[in-house]
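Here the sequence shown stands for residues 1 to 211, where the numbers follow the UniProt record's numbering.
Glycine included, each C-beta is placed from N, C-alpha and C at the ideal position.
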Amino acid sequence: MSTTSTKPVLHYLDIGSLGRGEVVRLFLKDAGIDFEDVRYAYDHTWPATSEELKGKGITITGNVPALEYNGTILTQHIPTLRYLARELNDYDGQTSLEKWVVDAVADIYIDWRFQWVANLKNASDEYKNNHVPKYYKIIAHYYSQRGGPFLLGDRVTYTDFAVYQSIENDQKTGTLPETLPSVIETFKKAFESRPRVKSYLESGRIANVNQ
Numbered sequence: 001m002s003t004t005s006t007k008p009v010l011h012y013l014d015i016g017s018l019g020r021g022e023v024v025r026l027f028l029k030d031a032g033i034d035f036e037d038v039r040y041a042y043d044h045t046w047p048a049t050s051e052e053l054k055g056k057g058i059t060i061t062g063n064v065p066a067l068e069y070n071g072t073i074l075t076q077h078i079p080t081l082r083y084l085a086r087e088l089n090d091y092d093g094q095t096s097l098e099k100w101v102v103d104a105v106a107d108i109y110i111d112w113r114f115q116w117v118a119n120l121k122n123a124s125d126e127y128k129n130n131h132v133p134k135y136y137k138i139i140a141h142y143y144s145q146r147g148g149p150f151l152l153g154d155r156v157t158y159t160d161f162a163v164y165q166s167i168e169n170d171q172k173t174g175t176l177p178e179t180l181p182s183v184i185e186t187f188k189k190a191f192e193s194r195p196r197v198k199s200y201l202e203s204g205r206i207a208n209v210n211q
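Here is the structure:
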């Protein structure tokens, strides 16, 4: 646990805006939570760094992101977002049914991400032509149920951050379909227009980085 700062500390890889850490980062930015952003080189030094983080108790598995928050260490990015949503009493459904929708779409995102990682270096035709279009079609079904632009209509939830990151990641790896469902295009524009998200994106996503 970091003793040099009382601010939350996000530990992640120095891989730009790709990956799970960026989902947590976007959430913290949108929520207005000031945090220290520590990024580690993802090269031949990473295995040793991973062991060092395990030795410090920052991560049990050796994987990141890990978030030091209010005296505890949170790992696994989707459970971390759920925890933060509960702490803030925001970014989640208000009824059991709404909470189910948010959790269900988060699980669909996790399934997408598993395939995205497997196809990161050399995307297969199966991934590009079948898996990805199917994913956005399913996501569009949920986003069309409550009038948008977000999953629960006009209320943003933690899952919206993950879905946005999936679009961004597919775009950066050249695996995003040429045409997205209209509700997903509308969601993307609305998400990027959120004041703190907009400010972060326009900053080049490089603020608060400590190597």
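Would you check if the distance between the CB atom of residue 164 and the CB atom of residue 188 is smaller than 8 Å? As a working mapping, residue 164 is identified with position 164 in the sequence shown. As a working mapping, residue 188 is identified with position 188 in the sequence shown. Result yes, Cβ atoms of residue 164 and residue 188 sit closer than 8 Å.
Taking the DSSP output, what are the residues bridged to residue 215? Outside the shown range of the chain, which is 1 to 211, sits residue 215, and nothing can be said about it.
Sheet register partners of residue 178 (DSSP bridge): Counting from one through the sequence shown, the residue named residue 178 turns up at place 178. In DSSP, residue 178 forms no bridge with anything.
Mapping DSSP to helix, strand and coil, what is residue 194? In the sequence shown, residue 194 corresponds to position 194, counting from 1. Residue state, collapsed to three classes: coil.
Could you check the C-alpha separation between residue 179 and residue 19 for me, to the nearest Å? For the purposes of this step, residue 179 is identified with residue 179 of the sequence shown, where counting begins at 1. For the purposes of this step, residue 19 is identified with residue 19 of the sequence shown, where counting begins at 1. Whole-angstrom Cα-Cα distance: 23 Å.
Can you name, in chain order, every residue of its own chain whose Cβ lies under 8 Å from the Cβ of residue 157, other than the five neighbours on each side? As a first step, residue 157 is located in the sequence shown; it is residue number 157 there, counting from the start. Within the same chain, residue 157 has close Cβ partners 85, 91, 92, 93, 102, 150, 151.
Going straight from the alpha carbon of residue 25 to that of residue 126, what length do you get? In the sequence shown, counting from the first residue as 1, residue 25 sits at position 25. In the sequence shown, counting from the first residue as 1, residue 126 sits at position 126. Taking the CA atoms as reference points, residue 25 sits about 31 Å from residue 126.
Bridge-paired residues (DSSP) for residue 152: Taking the first residue of the sequence shown as position 1, residue 152 is located at position 152. Residue 152 is bridged to 155.
Which first and last residues belong to the beta strand (DSSP E) in which residue 66 is found? Here residue 66 corresponds to residue number 66 of the sequence shown, with the count starting at 1. Per DSSP, residue 66 belongs to the beta strand (DSSP E) from 66-69.
Check each candidate in 82, 63, 77, 58 and name the one with the smallest Cα separation from residue 71. Numbered from its first residue, the sequence shown carries residue 71 at position 71. Among 82, 63, 77, 58, the Cα nearest to that of residue 71 is on 58.
Can you tell me whether residue 201 sits near the ligand GDP, meaning its C-beta is under 7 Å from at least one heavy atom of the ligand? Inclusion of the ligand GDP in the displayed structure is not the case, the ligand content being empty and no account of it being possible.
Determine the direct distance from the alpha carbon of residue 67 to that of residue 8, and round the result to whole angstroms. To locate residue 8, count along the sequence shown from 1; it is residue 8. To locate residue 67, count along the sequence shown from 1; it is residue 67. Residue 8 and residue 67: Cα-Cα distance of roughly 7 Å.
Nearest residue (CA-CA) to residue 261, options 198, 110, 105: Because the chain spans 1 through 211 in this model, residue 261 falls outside it and cannot be assessed.
Terminal residues of the beta strand (DSSP E) in which residue 73 lies: Residue numbering aside, residue 73 sits at position 73 when the sequence shown is read from its first letter. Looking at the DSSP string, the run of the beta strand (DSSP E) that includes residue 73 is 72-75.
Which of helix, strand or coil DSSP assigns to residue 44: As a working mapping, residue 44 is identified with position 44 in the sequence shown. Here residue 44 carries a coil assignment [DSSP, helix/strand/coil].
Should residue 65 be labelled buried (16 or more other beta-carbon atoms within 10 Å of its own) or exposed? Residue numbering aside, residue 65 sits at position 65 when the sequence shown is read from its first letter. Label assigned to residue 65: buried.
So the alpha helix (DSSP H) residue 118 belongs to, where does it begin and stop? Along the sequence shown, read from residue 1 onward, the residue named residue 118 stands at position 118. If you look at residue 118, you'll find it in the alpha helix (DSSP H) that goes 96-118.
Rounded C-alpha distance that separates residue 11 from residue 32: Taking the first residue of the sequence shown as position 1, residue 11 is located at position 11. Taking the first residue of the sequence shown as position 1, residue 32 is located at position 32. In this structure, the CA atom of residue 11 is about 18 Å from the CA atom of residue 32.
Is residue 38 buried or exposed, if buried means 16 or more other CB atoms sit within 10 Å of its CB? Working through the sequence shown from its first residue, we reach residue 38 at position 38. Residue environment analysis places residue 38 among the buried positions, since at least 16 neighbouring C-beta atoms fall within 10 angstroms of its C-beta.
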